[in-house]
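Residue numbers (my numbering): 13 to 368.
Shown next as structure tokens:
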């Protein structure tokens, strides 16, 4: 479960989820690029569309990890906000300046001051603005959880889950019932804390199976919806973050990875244990740990190689996605990681690589 790195004890399964999350985020953006360059009704369009139903899990997983690590902790309000905001804002301010340059060079945007400022606040970085807003509320929900413990968490999640369900079926807001405090991304923080700390009565082995079934069931629902929309409308439509489908997908995947680690750790010499150790105690750990460490930086930086490939080598996104989708993902993640790795070696640039 734990891995000591540079004298610090890290929770391995959370590093694994964080690395997986950024891979899923990039996969969503690469999937969109392939979809946009696929003729209506083509094999490419139908093949790539379900990948968005996995890519959509990247953001919820990031938020759930943050909740698992930040909630029910003792910290001073000013210190918390200073540390959180500096870690998010400093890299963001740098990469948000590079972003317009890439759009001017590769997308052909007009190089004016007004347009530069507009692109600086581009919606591509919505995640950063969202996380900054949620951080303002974390100290409040943290105090609530410390006061009411798991009962309070379950109370919050019950209402939040209800709001997500209403949102999924198009019934939110329900007769103007004021539930906006429970309608946003904050719920993923609380859900992550809950799933990382809740002691269920069932055995770890049973929870492993149940979590896999939850993940597969709701993933199938999302894929079925996406493909149906592709057939009917030739558009990439899927259940997004604020729906119960994505909530259950994310919860199932998070639980599966956690309980796979628990079950594998307790069953030496089993096939599960060998798979687990392959990721935890081999060269794979160095890859996972490095991607996890640079995950936020990869998110900020990956738009640059994505735009370069999308506009300078657009034809690549018309090729067979069975081969070229993973190649594009590896190229974008790998080039982003390499830039951040170089920055990490230069003391004056270390603060902008987004490492943690």
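Each residue gets a CB set at the ideal place from its N, CA and C atoms; glycine is no exception.
On a predicted model such as this, the values are computed, not experimentally measured, just so you know.
Where residue i sits in the DSSP three-state scheme
i           : result
residue 310 : helix
residue 23  : strand
residue 52  : coil
residue 280 : coil
residue 121 : coil
residue 292 : helix
residue 356 : helix
residue 368 : coil
residue 327 : helix
residue 347 : helix
residue 181 : coil
residue 68  : coil
residue 190 : coil
residue 213 : coil
residue 253 : coil
residue 133 : coil
residue 247 : coil
residue 145 : helix
residue 195 : coil
Span separating the alpha-carbon of residue i from that of residue j
i           : j           : result
residue 322 : residue 98  : 32 angstroms
residue 200 : residue 72  : 6 angstroms
residue 209 : residue 242 : 39 angstroms
residue 282 : residue 178 : 43 angstroms
residue 151 : residue 160 : 14 angstroms
residue 233 : residue 254 : 15 angstroms
residue 148 : residue 88  : 13 angstroms
residue 356 : residue 365 : 7 angstroms
residue 251 : residue 275 : 31 angstroms
residue 399 : residue 326 : Limits of the chain in this structure are 13 at one end and 368 at the other, which puts residue 399 out of reach.
residue 342 : residue 186 : 44 angstroms
residue 141 : residue 338 : 29 angstroms
residue 335 : residue 346 : 17 angstroms
residue 21  : residue 198 : 27 angstroms
residue 96  : residue 82  : 10 angstroms
Reference residue i; option with closest CA among the options
i           : options               : result
residue 93  : 342, 359, 196 and 146 : 146
residue 176 : 360, 203 and 327      : 203
residue 206 : 264, 218 and 243      : 264
residue 256 : 142, 292, 231 and 367 : 231
residue 86  : 154, 184 and 248      : 154
residue 52  : 291, 246 and 290      : 246
residue 41  : 359, 353, 360 and 329 : 329
residue 108 : 81, 183 and 139       : 139
residue 189 : 174, 197 and 180      : 174
residue 133 : 143, 120 and 111      : 111
residue 31  : 279, 350 and 297      : 297
residue 224 : 270, 198 and 185      : 270
residue 344 : 324, 358, 319 and 300 : 319
residue 272 : 96, 288 and 260       : 288
8 angstroms Cβ cutoff met for residue i and residue j
i           : j           : result
residue 363 : residue 102 : yes
residue 104 : residue 137 : yes
residue 171 : residue 164 : no
residue 314 : residue 38  : yes
residue 228 : residue 61  : no
residue 36  : residue 70  : yes
residue 290 : residue 220 : no
residue 33  : residue 74  : yes
residue 309 : residue 352 : yes
Residue i at chain C interface by Cβ criterion, 8 angstroms
i           : result
residue 218 : Within the model displayed, chain C is absent; a lone protein chain is all it includes.
Notebook entry, point to check: Below 8 angstroms, can you find three or more Cβ-Cβ pairs linking the stretch 61-71 to the stretch 229-241?
Noted result: yes
Next item on the list: Decide yes or no for the touch test of the stretch 22-34 against the stretch 294-307: beta carbon pairs closer than 8 angstroms, at least 3 of them.
Entry: yes
Notebook entry, point to check: Do three or more CB pairs link the stretch 210-217 to the stretch 184-194 at distances below 8 angstroms?
Noted result: no
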